[in-house]
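Participant: Sharing a structure here in structure tokens format.
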Amino acid sequence: MCDKQEETKLNYTIRSIRSSDAEAVYNLRIMDGVRENTMSLFSQRVEKTEEFIKKLSGDDHVMVAEIEEKVIKKVVGIVGLNVIKQPGSRHCGYLVISVDKNFQGLGIGKALMEKIIDIADNWLMLIRIELGVFTDNIAAINLYKYF
């Protein structure tokens with residue numbers, strides 16, 4: 001599936017995460033301008049990200065946004081939704097999202113949110129999506145308010 005951001009003419013694809021994305025996702029998560037708004041540590045190793053991807057279960061839904069720059073594909077965003085497993089809460093999911101600081105404000109976060117909400121609403125039949133956000137992350141708060 002290829003989505004086109006009209007205002008910027010930025011072409012990107014939103015697809016399921018692959019094992020081969022581990023290093024790109026790791027670099028995204030520890031990037032200045034991204035890490036400060038997550039619970040990620042810059043000391044975390046890429047092997048931890050590889051392990052995370054390998055351990056994804058049927059209750060984990062993770063998508064990446066990928067652009068092509070000069071014939072090289074680059075992951076510039078990630079969104080994840082984990083269906084909560086506790087009895088009485090399987091109608092809920094927990095959402096996380098990050099976008100490369102150089103690609104923020106270009107519609108990639110919105111496209112990732114639309115994709116994961118479609119999965120939550122139309123495939124998983126979730127009733128509630130939960131997330132955490134730092135109060136000073138105004139861009140993220142505005143994105144979440146949109147939905």
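For the sequence shown, full-length UniProt numbering assigns the number 1 to the initial residue and increments by one for each residue that follows.
In this text, a Cβ means the ideal position worked out from N, Cα and C, and glycines have one as well.
#1: First and last residue of the alpha helix (DSSP H) that includes I30?
#2: If you draw a straight line from the alpha carbon of K30 to that of Y146, how long is it in whole angstroms?
#3: Measure the beta-carbon distance from D100 to V34 and round it to whole angstroms, keeping in mind my assumption that it falls under 8 Å.
#4: Looking at K85 and I14, is the spacing between their C-beta atoms short of 8 Å?
#5: Give the straight-line distance between the Cα atoms of S19 and I53, rounded to the nearest whole angstrom.
#6: Tell me whether S57 sits in a helix, a strand or coil according to DSSP, three-state version.
#7: Distance check for N11 and V76, CA to CA, integer angstroms please.
#8: For F37 versus N102, is the C-beta spacing smaller than 8 Å?
#9: Chain D beta carbons: is any one of them nearer than 8 Å to that of Q104?
#10: Is K70 a contact residue of the ligand COA, with contact defined as CB to any heavy atom under 7 Å?
#11: Rounded to a whole number of angstroms, what is the C-alpha to C-alpha distance between Q104 and L56?
Facilitator: This is what the structure holds:
#1: Locating residue 30 in the sequence shown gives position 30, where the first residue counts as 1. Where I30 is concerned, the enclosing alpha helix (DSSP H) stretches over 22-30.
#2: Position 30 of the sequence shown, counting from 1, holds the residue named residue 30. Position 146 of the sequence shown, counting from 1, holds the residue named residue 146. The sequence shown places Ile at residue 30, not Lys. If I take the Cα positions, the gap works out to 26 Å.
#3: Indexing the sequence shown from 1 puts residue 100 at position 100. Indexing the sequence shown from 1 puts residue 34 at position 34. In this structure, D100 and V34 form a Cβ contact; the two beta carbons are roughly 7 Å apart against a cut-off of 8 Å.
#4: The residue given as residue 14 occupies position 14 in the sequence shown. The residue given as residue 85 occupies position 85 in the sequence shown. Taking 8 Å as the Cβ cut-off, I14 and K85 do not qualify as a contacting pair.
#5: By 1-based counting over the sequence shown, the position of residue 19 is 19. By 1-based counting over the sequence shown, the position of residue 53 is 53. S19 and I53: Cα-Cα distance of roughly 6 Å.
#6: One-based indexing of the sequence shown puts residue 57 at position 57. Three-state result, S57: coil.
#7: Walking along the sequence shown from the start, residue 76 turns up at place 76. Walking along the sequence shown from the start, residue 11 turns up at place 11. Looking at the backbone, the Cα of V76 and that of N11 are separated by about 12 Å.
#8: By 1-based counting over the sequence shown, the position of residue 37 is 37. By 1-based counting over the sequence shown, the position of residue 102 is 102. Per the sequence presented here, residue 37 reads as Asn, with Phe not at that position. Taking the C-beta atoms as reference points, N102 is found no nearer than 8 Å to N37.
#9: In summary, chain D is missing from the structure at hand, where a single protein chain is found.
#10: Here there are no bound small molecules, and the ligand COA is not part of this structure.
#11: As a first step, residue 104 must be located in the sequence shown, where it is residue number 104. As a first step, residue 56 must be located in the sequence shown, where it is residue number 56. So the alpha carbons of these two residues sit roughly 26 Å apart.
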